[in-house]
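In our numbering, the protein residues as written are 217 to 557. Just so it is clear, CB atoms sit at the ideal spot from N, CA and C, and this is done for glycine as well. Since the structure is predicted, the reported quantities are computational estimates derived from the model, not experimental observations.
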């Protein structure tokens with residue numbers, strides 16, 4: 217896929233520091249070795265050094281010695297991170313004793329590294345649940361200014377003529393089960409920024425429903441209509457429209473018939489699902505029945521790039537997600553990544 221090649225090339229041109237909290241996990245190590253070989257990121261692996269080295273030898277990984285290996289039981293900044301965690305969580309009753317235990321947890325260490333400026337992004341989830349990955353991220357890194365919701369976008373590469381030459385981005389598929397109109401609007405705008413960051417194209421954002429422009433009346437439709445209004449106010453520089461049925465969003469002839477005069481209808485490349493149930497079902501149907509390649513979910517709305525993996529992921533999936541995380545970090549440094557005002 218040309219876009220995935222472009223994402224990797226951008227990472228190679230400006231490598232960022234990515235922390236991998238599951239440093240002694242086989243697929244993660246293989247991915248780290250490949251990324252280091254490509255010089256697409258600076259890598260910190262969190263895990264017991266002897267275990268990491270043994271696995272590297274077992275799988276004949278030739279580049280792991282280029283990574284920084286951080287032993288979660290014994291590292292220089294342990295006390296400083298504990299103090300930082302107390303400061304960040306004192307309103308929640310965090311004690312120094314509690315913090316000293318948590319700073320031995322690789323997922324907390326990863327988030328604290330980012331908060332301290334010691335890393336630019338994180339990829340985890342090959343061994344941990346989404347909840348475990350997100351909990352320290354939300355406690356320590358938190359969301360972007362002006363953003364109240366975290367969401368997950370999937371990059372879908374299809375053989376269809378729709379979207380951006382067969383490529384569409386779809387959200388939210390992973391985090392917020394039933395967003396409010398305000399949250400849905402934020403998800404739409406954040407996904408637009410992700411499309412700019414990763415796809416390098418201008419988003420045409422469709423907020424999807426079972427109704428197009430009032431063809432059905434229901435409170436579920438009302439939420440999408442309101443979300444569209446809010447999203448347009450948030451991002452007047454983006455092309456956003458709704459409520460649109462999926463065919464009206466993607467197929468030019470249907471869009472022209474059902475939503476005449478819309479800049480988005482029939483040409484959408486970003487699809488915003490009304491809730492996570494529709495999103496999760498929708499993208500998996502496209503993936504399985506349409507033979508599409510799905511990359512992600514890419515987490516959006518965090519104060520720094522932190523991405524969650526499926527526990528069924530492959531080493532190639534992790535390689536792609538590290539490259540995506542590097543791209544997000546580059547964009548954030550250049551102040552191009554979706555802060556809402």
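Contact set for residue i: own chain, Cβ-Cβ below 6 Å, skip 5 residues either direction
i           : result
residue 471 : 464, 481, 482
Assumed close pair residue i, residue j - CB separation to whole angstroms, cut-off 8 Å
i           : j           : result
residue 286 : residue 262 : 5 Å
residue 415 : residue 386 : Not quite, the Cβ-Cβ distance comes to about 13 Å (not below 8 Å), so this is no contact.
residue 234 : residue 335 : 7 Å
residue 328 : residue 512 : Wrong, their Cβ atoms sit about 25 Å apart, outside the cutoff.
residue 423 : residue 459 : 6 Å
Simplified DSSP assignment, three categories, for residue i
i           : result
residue 473 : helix
residue 302 : helix
residue 550 : coil
residue 375 : coil
residue 555 : Summary for residue 555: the model assigns pLDDT 42, below 50, so the residue's position carries little reliability, and this model does not support an answer.
residue 367 : strand
residue 385 : strand
residue 532 : helix
residue 293 : coil
residue 455 : strand
residue 523 : strand
residue 397 : helix
residue 260 : strand
residue 486 : strand
residue 380 : strand
residue 277 : coil
residue 420 : strand
residue 392 : coil
residue 359 : strand
residue 345 : coil
residue 407 : helix
residue 284 : strand
residue 480 : coil
residue 432 : coil
Own chain residues within Cβ distance below 7 Å of residue i, not counting five before or after
i           : result
residue 220 : 536
residue 506 : 374
residue 283 : 248, 252, 259, 260, 261
residue 462 : 424
Residue burial classification, residue i (beta-carbon count within 10 angstroms, cutoff 16)
i           : result
residue 312 : exposed
residue 420 : buried
residue 550 : exposed
residue 266 : exposed
residue 474 : buried
residue 452 : exposed
residue 553 : Caution is warranted here: a pLDDT of 45 is assigned to residue 553, below 50, making its placement in the model unreliable, and the coordinate value is therefore given only provisionally. The residue in question, residue 553, is buried, as its Cβ has 16 or more Cβ neighbours within 10 Å.
residue 413 : buried
residue 326 : buried
residue 402 : buried
residue 345 : exposed
residue 557 : Confidence at residue 557 is low in this model, with a pLDDT of 31, below 50, so the placement of that residue should be treated as unreliable; the coordinate-derived value is given next. By the 10 Å Cβ count, residue 557 comes out exposed.
residue 377 : exposed
Residue range of the unbroken beta strand (DSSP E) whose run includes residue i
i           : result
residue 340 : 337 to 340
residue 235 : 232 to 236
residue 511 : 509 to 516
residue 413 : No beta strand (DSSP E) contains residue 413, which DSSP labels as neither H nor E.
Beta-carbon proximity list for residue i, same chain, < 8 Å, skipping 5 on both sides
i           : result
residue 289 : 264, 320
residue 366 : 350, 354, 359, 391, 392, 515, 516, 517, 518
residue 530 : 243
residue 192 : In the structure as shown, the chain starts at 217 and stops at 557, and residue 192 therefore has no counterpart that could be examined.
residue 268 : 239, 240, 245, 261, 280, 285
Segment limits, alpha helix (DSSP H) that includes residue i
i           : result
residue 448 : 435 to 450
residue 264 : Taken as a continuous stretch (DSSP letters only), residue 264 belongs to no alpha helix (DSSP H), as it is neither H nor E.
residue 495 : 492 to 505
residue 559 : This structure does not reach residue 559, given that the chain is present from 217 up to 557, and the question cannot be answered.
residue 326 : 322 to 331
residue 466 : 462 to 466
residue 315 : 312 to 318
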